[in-house]
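K.L.:
In the working numbering, the protein residues as written are -15 to 206.
Ideal Cβ positions, reconstructed from N, Cα and C, are used throughout, including at glycine.
Fair warning: this is a prediction, and the values are worked out from it, not measured in the lab.
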Amino acid sequence: MDIKCMGCGAIIQTKDEAKQGFIDPKVLEKHQEEFYCKRCFNLRHYSKNNRIELDESILKQETEVIKKDKGLICLVADSFDFEGTIHPHINDLLESNNILLVLNKYDLYIKDLNLNKLLDYLRLYLKKNNIKIKDLVLVSAKKGFGIDELIEKINALRNGKNVYFVGMTNVGKSTIINKIIANYTGEDDVITVSNTINTTLANIYIPLDDKSYIVDTPGIIN
-15 MDIKCMGCGA
-5 IIQTKDEAKQ
5 GFIDPKVLEK
15 HQEEFYCKRC
25 FNLRHYSKNN
35 RIELDESILK
45 QETEVIKKDK
55 GLICLVADSF
65 DFEGTIHPHI
75 NDLLESNNIL
85 LVLNKYDLYI
95 KDLNLNKLLD
105 YLRLYLKKNN
115 IKIKDLVLVS
125 AKKGFGIDEL
135 IEKINALRNG
145 KNVYFVGMTN
155 VGKSTIINKI
165 IANYTGEDDV
175 ITVSNTINTT
185 LANIYIPLDD
195 KSYIVDTPGI
205 IN
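1. Hey, Lys137 and Asp91: beta-carbon distance below 7 Å or not?
2. Nearest CA to the CA of Leu56: which residue from Ile190, Lys163 and Lys145?
3. With DSSP as the reference, label Asn143 as helix, strand or coil.
4. Under 8 Å by Cβ, that's how I've got Ile165 and Asn88 pegged, so tell me the actual separation to the nearest angstrom.
5. Quick one, are the C-beta atoms of Ile83 and Leu103 less than 7 Å apart?
6. Return yes when the Cβ of Leu120 is within less than 7 Å of the Cβ of Leu85, no when it is not.
7. How close, in whole Å, do the beta carbons of Ile50 and Thr153 come, if the pair is a contact with beta carbons under 8 Å?
8. Between the Cα of Glu67 and those of Lys22, Ile115 and Cys(-11), spot the shortest distance and give me the residue it belongs to.
9. For the candidate residues Lys54, Val199 and Arg107, whose alpha-carbon lies nearest to that of Phe149?
10. Using the C-alpha atoms, what's the distance from Phe64 back to Tyr109?
11. How long is the line joining the alpha carbons of Ile74 and Phe6, rounded to whole angstroms?
12. Which same chain residues end up closer than 7 Å to Glu207 when comparing Cβ atoms and leaving out the 5 residues on each side of it in sequence?
13. Using the Cα positions of Ile135 and Ala2, report the straight-line distance between them to the nearest angstrom.
14. Alpha helix (DSSP H) containing Asn100: first to last residue?
15. If we require 4 or more residues per run, which alpha helix (DSSP H) segments fall completely within the stretch 47 to 103?
16. The beta strand (DSSP E) that contains Leu120, what's its start and end?
17. Please report the straight-line C-alpha distance between Asp0 and Ile117, rounded to a whole angstrom.
18. Starting from Gln(-3), follow its DSSP beta bridges and name the residues at the other end.
Here it is in structure tokens:
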């Protein structure tokens, strides 16, 4: 069975430092339970990004997994730029209408925001692009605003199935999932987060219950 990096989901390997999932063989020998690849280790401790070759075949493979599983899709978008961060063909791309729209970064302008105007404009955009969703929730990944409501809506919509967090790169998917994990377990920053494009390189599975998972997916590049 392949061992995956806890931070980005890449399969751990010790042969090529330029490719995803690299870890020093000596480090691998010492740590047999929890693994962070060299890239994630440097991002987490030194904010240093080791440039690697992205394996596009893995990204396509992970997308096919989502299509076949028919779980709940948590589509994360930037509330400042939902036109630029909601893929106009997301229903076709994932072959699913079972979507919970999660608008992140809402706290940055909450004092000056007319919520009804934002939601009206959002609904017009969704209707214009024929994007179908089950529900939506406003959150702040940074401050934890709206996370409890998000968890409630996930539990109401997932019907015991897996929950996939998808969206454009750098919209805050991993940060939101870390907040959910902290809510349940008290553990902080389990998944690697940075401002670097494609911090998550492959699907990361976090147990939700005995039979299902929350899944952090690689960012969709617009």
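P.N.:
Reading off the structure:
1. no
2. Lys145
3. coil
4. Incorrect: roughly 16 Å between the Cβ atoms, too far for contact.
5. no
6. yes
7. Actually they are not in contact, since the Cβ atoms of Ile50 and Thr153 sit about 17 Å apart, beyond 8 Å.
8. Ile115
9. Val199
10. 14 Å
11. 32 Å
12. Outside the shown range of the chain, which is -15 to 206, sits residue 207, and nothing can be said about it.
13. 38 Å
14. Leu99 to Lys112
15. 66 to 69 and 74 to 78
16. Asp119 to Leu122
17. 42 Å
18. Phe6
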